[in-house]
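A.B. asks:
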Amino acid sequence: MIAGGIGITHMLSMMRYMAVTQDHRRDTLVWSNKTLGHIIYPQEIQVLLDRLPQLTIRHVLTDQPGGRRLDQDRLAELISGCSHKAAVFVCGPPQMMHTVHTALQGLGFLRQQMRKNQKVAVIRG
């Protein structure tokens with residue numbers, strides 16, 4: 641899963657479903673926000689993380705000192721352990737989604753593996 645800002649709401653629905661159905665597949669969520677102060681629903685996300693030990697969240701803070709936006713190199717670092725056969729769900733602002741889609745293709749993911757929603761991205765594998 642790859643989410644940008646408020647795009648996390650689509651991923652939260654998926655995470656809630658995973659918790660209810662006791663889905664034990666390994667998942668990675670890459671979540672891009674401007675700063676720590678832009679992270680929404682921190683308590684609910686922590687509860688879900690406690691219920692989903694196989695879920696890893698990797699935060700990207702673009703407006704923090706040393707922060708940078710998602711690009712192909714940064715995404716490669718963040719998803720290095722993920723299978724290239726995984727389905728990828730993406731939700732976020734249009735520019736971020738375009739950048740992520742292009743970066744994923746550059747990393748060897750096929751278009752058919754990517755599911756877009758105007759806000760978020762998820763990697764299942």
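Counting from 641, one number per residue, gives the positions in the sequence shown under this note's numbering.
By construction, the Cβ of each residue, glycine as well, lies at the ideal position given by its N, Cα and C atoms.
Any contact of the stretch 684-691 with the stretch 708-716, i.e. 3+ C-beta pairs under 8 angstroms?
C.D. replies: These segments do not touch.
A.B. asks: Measuring CB to CB, does Val-730 end up less than 7 angstroms from Leu-710?
C.D. replies: No; because the gap between Cβ atoms is not below 7 angstroms, this pair is not in contact.
A.B. asks: Going by the DSSP bridge assignment, what does Leu-692 pair with across the sheet?
C.D. replies: DSSP output for Leu-692 lists no bridge partner at all.
A.B. asks: Determine, using beta carbons only, whether Gly-707 and Ala-643 come nearer to each other than 7 angstroms.
C.D. replies: No.
A.B. asks: Within 10 angstroms of its Cβ, does Asp-667 collect 16 or more other Cβ (buried), or is it exposed?
C.D. replies: Buried, since its Cβ has 16 or more Cβ neighbours within 10 Å.
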